[in-house]
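In my numbering, the protein residues as written are 67 to 210.
We put the CB at the ideal spot given by N, CA and C, even for glycine.
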């Protein structure tokens, strides 16, 4: 879900993804649907744990547009973050793939922001491992 920094692994790009800023339906931003850098700086953010690829992409995007921001809650699971945001505890930035159902059901609301939240999801494989024909066929299927 983010850049791999380990040695001895091969990164194979898999698919494009984008993060989205989400709020609960009762949050003031839910009606605005668009926020600026100043609003992002003032928000109470609910984020993934340090080391998460999602957090790494989010922090890099924020650093490029916002002088500083407040993390009010750090959670290790996307489902917990979605429920906290839905309950009105703050704002988050999660993968569009992870919040698709919540957006469809209107449990969460996506807001436009000036952040560049695009990323590439990759398959991370050990370089030294033997790969069977079946495994290689599986990897090929994922790429299509």
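Near residue i, which residues of its chain fall below 7 Å by C-beta distance, leaving aside the five closest residues on each side in sequence?
i           : result
residue 133 : 107
Taking only the alpha-carbon atoms, compute the straight-line gap between residue i and residue j and give it to the nearest angstrom.
i           : j           : result
residue 175 : residue 84  : 15 Å
residue 124 : residue 206 : 30 Å
residue 94  : residue 139 : 19 Å
residue 144 : residue 184 : 18 Å
residue 166 : residue 122 : 21 Å
residue 72  : residue 193 : 11 Å
residue 168 : residue 189 : 26 Å
residue 203 : residue 196 : 14 Å
residue 80  : residue 109 : 32 Å
Taking residue i and residue j to be in contact with their CB atoms under 8 Å, please state how far apart those CB atoms are, rounded to whole angstroms.
i           : j           : result
residue 114 : residue 147 : 7 Å
residue 100 : residue 178 : 4 Å
residue 76  : residue 191 : 5 Å
Can you give me the start and stop residues for the beta strand (DSSP E) that residue i sits inside?
i           : result
residue 140 : 136-141
residue 123 : No beta strand (DSSP E) holds residue 123; the alpha helix (DSSP H) holding it covers 119-131.
residue 176 : 175-177
Just to confirm before moving on: does the CB-CB distance between residue i and residue j stay below 9 Å?
i           : j           : result
residue 223 : residue 173 : Nothing about residue 223 can be reported from this structure: the residues present for the chain run from 67 to 210 only.
residue 187 : residue 102 : no
residue 157 : residue 86  : no
residue 150 : residue 141 : yes
residue 152 : residue 74  : no
residue 131 : residue 181 : yes
residue 198 : residue 159 : no
Over what stretch of residues does the alpha helix (DSSP H) that includes residue i continue unbroken?
i           : result
residue 145 : 144-152
residue 108 : 103-108
residue 157 : First-last for residue 157: undefined, no H or E at that position.
Looking only at its chain, what residues have a beta carbon closer than 6 Å to the beta carbon of residue i, apart from the 5 residues adjacent to it on each side?
i          : result
residue 92 : 154
residue 98 : none
For residue i, I'd like the list of residues in its chain whose CB is within less than 8 Å of its CB, leaving aside the five on either flank, ordered along the chain.
i           : result
residue 164 : 144, 148
residue 161 : 67, 83, 84, 85, 86, 120, 144
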